[in-house]
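In my numbering, the protein residues as written are 890 to 1196. Ideal Cβ positions, reconstructed from N, Cα and C, are used throughout, including at glycine.
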Ligand code: PPE
């Protein structure tokens, strides 16, 4: 059991005991994957616990819901407050936060609009996503035979539970082949993203990352890293990346709420750059963690303190 089950979960506006946060077996979400969710982190900074980019995450949750015509019956402000309350009531200082909204129990059939929209917020301690040593040593990845969803099939910009069936296929294939993680290509064969991370590449001191049109989730960590890189006067280009660029890159790394900034040391068993964390990757990691530790100024207003 990965969870400490003694905590409380915010469920449809109320705090319930961990084990009481259940849904009916005939809920729409179980049969048709009708859910949207977020992954957010709270860090125990030197100035106290703070949630990283709370506003942007809640906004993305509501945008994911909007794409699926799902109305969450709270304002974004109310939902954000509920997130802060959930962390406090569980007496956590550093944690992973998992809000979700889904179509509940009323009837079955593909048409979803007669089912109620339910929502929840759970928090728990979640350590390093790709292993303890990953942040320093880097991970070994393989390019998946599974592509990211083609345009006009499933909306990649919605963080919907159903998109993660695609991610699961890629992740299972990667692990079966003894990789830590998968990189997926888009419909055109260009680099898209990992099963749960965005990807960055460094070549000749220029930073590249695929654009939104490459079938990816517009990651909030991705956005943060672009901002930090520009602050370091590094050139960042959002452009399509052909697969072979992965092999000849000087540095590669993943970004994500769970994965944070994780270097990639090999792709398809081909060593990337020096085979260990690159210089620019380290610089960006340092900047990123300095904000999360509260060591450097939160110049962009990314932290919401619990107080
Ligand atoms: N792409 C995908 C497919 C993705 O799932 C994530 C986050 C990202 C990019 C990065 O987005 P952001 O967190 O805003 O920087 N994946 C979440 C879920 C991981 C999971 O295993 O669950 C996360 O990192 O919380």
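TODO: Compute every distance between the C-beta of residue 973 and the non-hydrogen atoms of the ligand PPE, then say whether any falls below 6 Å.
DONE: no
Task: Opening and closing residue of the beta strand (DSSP E) in which residue 906 lies - done: 903 to 906
Task: residue 952 CB to nearest heavy atom of the ligand PPE below 6 Å - done: no
- [ ] Answer yes if the region 928 to 937 comes into contact with the region 985 to 1001, meaning at least three C-beta pairs across the two stretches below 8 Å, and no otherwise.
- [x] yes
Task: Per DSSP, cross-strand counterpart(s) of residue 1029 - done: 1155
Task: Beta-carbon contacts of residue 1071 that lie in its chain and below 7 Å, excluding the five residues immediately before and after - done: 1030, 1031, 1033, 1059, 1060, 1062, 1063, 1083 and 1084
Task: Where residue 1049 sits in the DSSP three-state scheme - done: strand
Task: Rounded distance between the beta-carbons of residue 997 and residue 917, thought under 8 Å - done: 7 Å
- [ ] With distances taken Cα to Cα, identify the nearest neighbour of residue 1142 among 1067, 1173, 908 and 1005.
- [x] 1173
Task: Counterpart residues of residue 924 in DSSP-defined beta bridges - done: 991
Task: Alpha-carbon spacing of residue 955 relative to residue 1163, whole angstroms - done: 44 Å
Task: Reduced DSSP category for residue 1094 - H, G, I as helix; E, B as strand; rest coil - done: coil
Open item on the list: When you measure from the CB of residue 1147 to every non-hydrogen atom of the ligand PPE, does any distance come out below 6 Å?
Closed with: yes
- [ ] Tell whether a beta-carbon distance below 7 Å holds between residue 1154 and residue 1020.
- [x] no
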